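All remarks here apply to the structure that follows.
In the numbering used here, the protein residues as written are 178 to 564.
This is the structure in structure tokens:
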């Protein structure tokens with residue numbers, strides 16, 4: 178779908194019709210304007226497909242602006258880490274466990290080859306990290322070196338129908354402990370949500386989509402990261418920060434339409450009068466792969482583009498465009514800071530500790546789009562760094 182939508186925008190321009198009541202847009206200025214509260218755009222009925230309990234909306238499935246704003250308000254402090262005392266420590270704990278798993282079972286030597294399917298197993302880290310942060314208890318994927326409760330398998334089976342972002346059934350027991358007469362109080366993300374008024378029915382977890390596997394794949398192929406990430410302070414490493422921006426730009430985490438509805442009275446988009454009730458979606462691939470914005474090499478992974486000085490206006494333009502992968506305005510991704518923290522930390526630690534090479538350089542992985550991207554068969558070889 179992303180490639181098809183990109184072809185439409187490149188053929189017909191930044192606003193094109195793709196259905197009876199559907200438009201696709203790649204105009205970054207309009208998309209940011211659409212996310213402002215005063216314009217009155219709201220989610221379309223499309224989002225109802227994300228409600229696995231038909232009687233209970235989540236922050237992802239609701240099309241009601243008041244409910245969405247209320248849920249964002251109640252979860253903001255938890256997602257930002259303001260109310261989560263040990264957010265970074267929780268991530269570090271799971272990262273250490275992930276590194277220990279590699280060293281214990283998957284470290285190759287000159288006499289022993291142990292391939293590591295990182296596209297799948299990196300999800301063990303992200304899932305354990307976010308559940309540790311959110312509930313104070315990890316899923317346990319890393320400890321068992323397994324897809325606990327078949328969660329990842331289930332997500333991959335359901336994604337072709339809808340991007341999975343609903344209640345984790347296995348989390349119900351954990352959530353239930355926080356309510357009732359003998360409720361537990363903890364300073365984790367769930368505790369923050371509850372303290373800010375989130376009810377038990379709405380205390381769910383959303384799938385954290387991330388591009389760590391893609392960044393590692395490209396980092397290994399260009400051979401430049403390992404010699405640069407030598408400092409423990411990830412945010413102080415300019416090249417690493419460039420990689421964490423270039424990864425989501427090259428591989429936008431969302432590949433579906435996610436349409437918004439034109440408000441009453443209609444709107445003027447790119448000079449066209451658009452009637453109320455029309456669904457307008459954005460083509461992220463067109464935006465993040467735009468040669469006009471990112472240069473003639475927009476189709477390749479090149480972190481250096483973020484470090485080229487001398488033109489502050491251009492840097493601001495590419496930052497604004499790339500930031501749209503995490504949404505805009507009232508629809509911005511609440512978990513962006515956590516996702517970026519996880520990606521920076523895992524890239525630093527993996528490349529500091531290991532020499533990483535692709536097992537199949539000519540065909541490194543399989544990837545397909547189903548509202549979000551699903552990667553598989555990314556086999557790498559981990560060896561202890563000797564320099």
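Note that the Cβ used here is the ideal one computed from N, Cα and C, for glycine as well.
Bear in mind the structure is a predicted one, so any value in this text is a computation, not a measurement.
As the crow flies, the alpha-carbon of residue 188 is around 38 Å from that of residue 243. CA-CA distance, residue 272 to residue 280, rounds to 12 Å. Taking the Cα of residue 536 as reference, the smallest distance to any Cα among 283, 292, 240 and 235 is reached at 292.
For residue 428, there is no enclosing alpha helix (DSSP H), since its DSSP letter is neither H nor E. If you ignore the 5 residues before and after residue 302, its C-beta comes within less than 7 Å of the C-beta of 271, 272, 275, 319 and 523, all in its own chain and listed in chain order.
In the three-state scheme derived from DSSP, where H, G and I count as helix and E and B as strand, residue 432 is classed as coil. Counting of Cβ neighbours within 10 angstroms places residue 214 among the exposed residues, the total staying below 16. One thing to note: residue 423 has its Cβ within 8 Å of the Cβ of residue 480. Exclusion of the five residues before and after residue 192 leaves 200, 202, 204, 446, 447 and 449 as the residues of its chain whose Cβ lies within less than 7 Å of its Cβ. Per the coordinates, the alpha-carbon of residue 506 lies some 31 Å from the alpha-carbon of residue 314.
A residue is called buried once 16 or more other Cβ atoms fall within 10 Å of its Cβ, and residue 267 is buried on that count. The beta carbon of residue 247 lies closer than 6 Å to none in the same chain, with the five residues before and after it left out.
Distance between residue 562 and residue 298, taken at the CA atoms: about 21 Å. The continuous stretches of beta strand (DSSP E) do not include residue 210, which lies in the alpha helix (DSSP H) extending over residues 205–211.
DSSP places residue 233 outside both helix and strand once states are collapsed to three, so it counts as coil. In the three-state reduction of the DSSP assignment, residue 531 falls in the strand class. Excluding residues up to 5 positions away in sequence, nothing lies with its Cβ nearer than 6 Å to the Cβ of residue 265 in the same chain. A Cβ-Cβ contact shorter than 8 Å links residue 478 with residue 427. Distance between residue 304 and residue 329, taken at the CA atoms: about 9 Å. DSSP, reduced to helix, strand and coil, places residue 414 outside both helices and strands of the structure shown, so it counts as coil.
In summary, residue 197 is exposed, with fewer than 16 beta-carbon neighbours lying within 10 Å of its beta-carbon over all protein chains present. Here the C-alpha atom of residue 331 lies approximately 45 Å from the C-alpha atom of residue 486. Residue environment: residue 462 is assigned as buried (16 or more neighbouring CB atoms within 10 Å of its CB, all protein chains considered).
Apart from sequence neighbours up to five positions away, the residues of its chain that approach residue 545 with a beta-carbon distance below 8 Å are 551, ordered along the chain. Put simply, the backbone Cα of residue 508 is about 14 Å away from that of residue 457. Taking the CA atoms as reference points, residue 286 sits about 59 Å from residue 439. Here the alpha carbon of residue 436 sits roughly 7 Å from the alpha carbon of residue 459. If you compare the alpha carbons of 527, 549 and 539 with that of residue 295, the shortest gap goes to 527. By the CB criterion at 8 Å, residue 464 and residue 501 fall inside the cutoff.
Nearest C-alpha to residue 453 among 539, 220, 525 and 288: 220.
With a contact defined as Cβ atoms closer than 8 Å, residue 558 and residue 316 miss out at about 27 Å. Residue pairing by DSSP puts residue 450 in a beta bridge opposite 445.
Cβ atoms of residue 491 and residue 503 stay farther apart than 8 Å, at about 21 Å. DSSP places residue 178 in the coil class of the three-state scheme, outside both helix and strand. It is roughly 22 Å from the alpha-carbon of residue 310 to the alpha-carbon of residue 425. Judged by DSSP secondary structure, residue 458 falls within the beta strand (DSSP E) whose first and last residues are 456–459.
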